[in-house]
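Structure first, commentary second.
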Amino acid sequence: MLSQCVIKSILAVLPNWCDLCRLPMHRQLAVSGGANHESVWFCLVCQQLFAAEPRCQQCGLPMTDEVEQCGACLKQPPPWRHLYCVSDYQFPLSTYIHRLKYHRQFWQAKPLAHILAERISQPAEFITWVPLHWQRKMTRGFNQSEHLGLALARQLNRPCGGLFKRTRSTPPQKGMLRKERLRNLRGAFQLRLPPSLPPSVSHVAIVDDVVTTGSTVQQLCQILLDAGVKTIDIYCICRTSAA
């Protein structure tokens, strides 16, 4: 029986295959899923597809230069402090999210969380996620944002839990304008009771796979602010451009 040390030594020199281009690579030259290089996904060439681009740190929309607040955020600041994302909703991230969300490839959450975790400079004290209504969760069988939240919590070494519940089912928001989305979501969420958030926690992050207009996380932020949370961040894989 080979020891774990010997197995890791063997794996360290064996070639692996990039999950994106499917070309062989060595683990030392790959983006790894952990400090011990136990899992690798992308070669250095494909890693460039995930390179950080200038964005507004608050709303997460692309800019020509990195700024703390864009003009829109200065005029009407969102209720969160910082939105962390990897990129727009485009290939290859859109493919990975689609696999996770519609093909039950739950293992996609780990590499996605790893890429996002590298962007987060000041992790929140507690991590939660956007909830699904119980009917939709029963139909789908899982909540993709919860899978991402759990993976991120492990990457960032932070406690996590579901703080919200969806009190009513709402029509799909795809194609809706921002005002329509806000109207659609009004009163759709509330805090779970008893609350699982430790009283000492003042900084919380909300995880979602894709943020479009921000109407969903805006509703959840207001609930947390009303509950006494001081600082809120948004963690998402993709941030779509404003409609």
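Numbering (full-length UniProt numbering), first residue to last: 1 to 243.
All C-beta atoms in this analysis are idealised placements derived from N, C-alpha and C, irrespective of residue type, glycine included.
Bear in mind that the values here come from a model prediction, so they are computed numbers and not experimental data.
About 6 Å separates the beta carbon of I97 from that of I237, a gap short enough to meet the 8 Å contact definition. The bridge partners DSSP lists for A153 come to none. If you look at D208, you'll find it in the beta strand (DSSP E) that goes H203 to V211. Taking the Cβ atoms as the reference, A151 lies roughly 5 Å from K110, within the contact range of under 8 Å.
By the C-beta density criterion, Q219 is buried, having at least 16 other C-beta atoms within 10 angstroms. Of T213, L156, V204 and P198, the smallest CA-CA separation from A72 is found for T213. Where K165 is concerned, the enclosing beta strand (DSSP E) starts and stops at F164 to R166. Excluding residues up to 5 positions away in sequence, L61, P62, M63 and E66 lie with their Cβ nearer than 7 Å to the Cβ of R55 in the same chain.
With respect to the C-alpha of P159, the residue from T216, L132, R166 and L197 having the closest C-alpha is L197. Annotation for L93: V86, S87, I237 and C238 place their beta carbon closer than 7 Å to its own, counting only its chain and skipping 5 residues before and after. In the DSSP assignment, L83 forms a beta bridge with I234.
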